[in-house]
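Heads up, the thing below is written out as structure tokens.
Structural data, given as structure tokens:
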């Protein structure tokens, strides 16, 4: 089975040609972010269940030590990014769109940066069973570094034999401003290819391709050099947002579509970010868990650039190291300008999924949106080929059944529709609201179902107990009446016999008097 | 700076388009058509446009005020002016002032605001206004000025007639008006004349209706500009013109003496205006790509049917309204195939 059309790439529906703003941060080499006074490590930096702490306040930890373990199948452990003391374990503000607090472990570095004594290096991963290899990757706390943060070891499960045909590495960094993957490729392409080879082994994949935007010229050259002799293919794809969306990249590279409600696995594909590949190489070849990542710091800062940053470093430390705020900073965005979310302040930490910190102007005059004029521009640019104007209509009307008929959950929240809307309606916000409401309703329904089941079970139990009680009573009575019958019989017979005698006596007496009268 | 930053939902880039900008583009694109109309029919065209615009803005402001909407914000979206100018260009160039006021007022007050205002009206307001006028005042609505008259009315004379109903001494209304080409054909065919016999009656120009072909070309030019600036999409105009041309071609092939050519149909009456400016009104048109083709083709075909067999000389307004009615159904059955979904059409 060959998925790729040699020499050609496909296209995806819609999308936008955006101003890229890559030069700002991409022309400088990756720097190193200085050690902060305090590292804050949220227990949940990934999709799934939060990790469980393995340390207590006051514990001394070493660099690379696991300080919280995966609590479930879909979960990931957290490691100490440097040596120091655990000073707090409590709910703190975390970088999340909700702006809420969540449990974190806070480490005060001792400045010595002492590693744990023995790093779990895998000397020859090819001799290792794929499942053991996956376990190593799991223990290293590696999650998707492209932004979603799904535990990587799960996506390295090949399923049944031969199910995975193609491993796709996503190097299409399609959002404007972000350059962490671009810089990583230029400087450490070898690590990415080393990681790709490990992943191919874990997945038992037949082939591996790296999809990269065709305007990332230097990165393409670096990758092409690094893959020489490995059989891995580098395929430039047209630069068009959101070319780096998993579904869009798969469509462009293979011409296949991930089925609705399905996974790439269903069509023999698995997709990982290039940063994840490099982290996997570090974990396997050096035994180094995921304790740092590359973060783009750009926009309205003195000196935009990429920084190799320890997880848990406060955002402020990165901004300060890049020359501080410049111009008129009004918005601090984690992620890109299309899908990132705003931070309330710069004290929150960098986490495993933080690819970019973007400082932007305050938004232009905030007007109330105009009504939808049904121009359909949103549908023209929607990469999922949805009808955003209909989704908006049903979200607005809180018609949550109908909105699901229009495939709300196929929306990837790329923001193309809102960007082209002439009425400036915050469409994505409406879709998120509708999704949240539907999830809440489903949870509510599940809870209600459970409560009803419990209630019905209780009623049934009461009913059964009542029946059993009655049954017991009946049996008791029956037994009682039976024994009574046996005892009463002679008495009754005696009484009846006595009565009989009395009646006979009376009869005889009557006969006697009749005779007397006749005489 | 560690202060509190502004919170907002993604995406964070400023949108480049706006309703105001789209409407402004439509107004720019109307300019060539209007200019040619003035050259061919005289000052009345401008007078109509001014009366309609003033009426539309007045009604819009009043309705917004009553409906407790931000008056300034909605007035500056230019949608009322677009409705006014689209309606005014459909009215006879010497229409009495009250007819223009009535049609425009009905369009804005009833067809637009009573249905919920911008974005919520199911029917094209300009076409509702036009239909109300032609049904209520058929005589006034069919008095068309003779194209390229040898002695056109001056601005003052036009004003006197439209506002006061008085013509200059020695001039009768019959001397300055003439049936439109579509009207002339309808009447002639009713008298069992053939298209060929009509040749000498100044009905046909070089390729379309006499005089009307230049107006149509000007609207076509404006429409192409709208396509280039992506203010409108190609599906509706192409489908409408295609649908109409196909019908005309088919019947011309059957009997060229009874049915005018496709070229005549495309370049006379309201065809070009309808295809690029009226049928493309986003609020009342279909929104799916396939739906737009069906919607446009339906308008083209129904317009041709009304022109050929109906009771009115032109049928753009009626067919637009008829297809407006069909939009919810069309949209429902032409939903695009979602990414990753099998079995629904492209």
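Chains as they are written, first to last, in the numbering used here: chain A, 12 to 530; chain B, -1 to 344.
Even for Gly, the Cβ is constructed at its ideal location relative to N, Cα and C.
Fair warning: this is a prediction, and the values are worked out from it, not measured in the lab.
Amino acids of chain A, ordered along the chain, whose beta-carbon sits closer than 8 Å to that of residue 117(B): 381, 382, 383, 384, 385, 434
Contact belief for residue 160(A) with residue 58(A) at Cβ below 8 Å, rounded distance in angstroms: 5 Å
Distance CB(residue 285(A))-CB(residue 438(A)) smaller than 8 Å: no
Any chain B beta carbon closer than 8 Å to residue 451(A): no
Proximal chain B residues relative to residue 345(A), where beta-carbon distance stays under 8 Å: Within chain B, no residue comes near residue 345(A); the closest Cβ sits about 11 Å away, beyond 8 Å.
Test: residue 31(A) CB closer than 8 Å to a CB of chain B: no
Residue 269(A): contacting residues in chain B (beta-carbon distance under 7 Å): 338
Meets three-Cβ-pair contact criterion under 8 Å: the region 112 to 125 of chain A and the region 172 to 191 of chain A: no
Cβ contact check for the region 416 to 430 of chain A and the region 386 to 399 of chain A: 3 or more pairs under 8 Å: yes
Coarse secondary structure for residue 342(B), derived from DSSP in three states: Confidence is the limiting factor: at residue 342(B) the pLDDT is only 48, short of 50, which leaves the residue's position unreliable and the question unanswerable from this model.
Reduced DSSP secondary structure (H/G/I, E/B, other) of residue 141(B): coil
Inter-residue CB distance, residue 20(B) and residue 229(B) (contact presumed, cutoff 8 Å): 6 Å
Whole runs of the beta strand (DSSP E) within the region 298 to 367 of chain A, excluding any shorter than 3 residues: 303 to 310, 316 to 321, 342 to 345, 352 to 354
Buried versus exposed, by CB contacts within 10 Å (16 or more), residue 34(A): exposed
Inter-residue Cα distance where the pair is residue 374(B) and residue 288(B): No information on residue 374(B) is available, as it lies outside the stretch -1 to 344 that chain B covers here.
CB contact below 8 Å: residue 440(A) versus chain B: yes
Candidates 256(A), 263(A), 252(A), of which the one nearest residue 246(A) by Cα: 263(A)
Chain B contact residues for residue 146(A), given Cβ-Cβ distances below 8 Å: Those do not exist, as residue 146(A) stays about 32 Å from chain B at its closest Cβ, beyond 8 Å.
Length of the line joining the Cα atoms of residue 248(A) and residue 150(A): 34 Å
Contact between the region 439 to 449 of chain A and the region 478 to 485 of chain A (3+ Cβ pairs under 8 Å): no
Contiguous alpha helix (DSSP H) assignments of at least 4 residues, all confined to the region 229 to 305 of chain A: 257 to 265, 285 to 296
Alpha helix (DSSP H) runs contained entirely in the region 23 to 71 of chain B, provided each spans 4 or more residues: 42 to 64
Short Cβ contact (8 Å threshold) for residue 295(A) with residue 133(A): yes
Selected residue, minimal CA-CA separation from residue 136(A), among 145(A), 362(A), 129(A): 145(A)
Status (buried if at least 16 other CB within 10 Å, exposed otherwise) for residue 323(B): exposed
Cross-chain neighbours of residue 258(A) in chain B, by beta carbon under 9 Å: 337, 338
Proximity below 8 Å, CB of residue 303(B) to CB of residue 125(B): no
Burial state of residue 170(B), where buried means 16 or more other Cβ atoms lie within 10 Å: exposed
Cβ-Cβ distance between residue 293(A) and residue 326(A) below 8 Å: no
Status (buried if at least 16 other CB within 10 Å, exposed otherwise) for residue 224(A): buried
Residues that residue 281(B) contacts on chain A, provided the C-beta gap is smaller than 8 Å: 384, 385
Cβ pair residue 234(A), residue 122(A) closer than 8 Å: no
Straight-line gap, residue 72(A) to residue 314(A) (C-alpha atoms, nearest Å): 34 Å
Short CB-CB distance (under 8 Å) between residue 184(A) and chain B: no
Any C-beta of chain B under 8 Å from that of residue 356(A): yes
Residue environment, residue 74(B), which counts as buried when at least 16 other CB atoms sit within 10 Å: exposed
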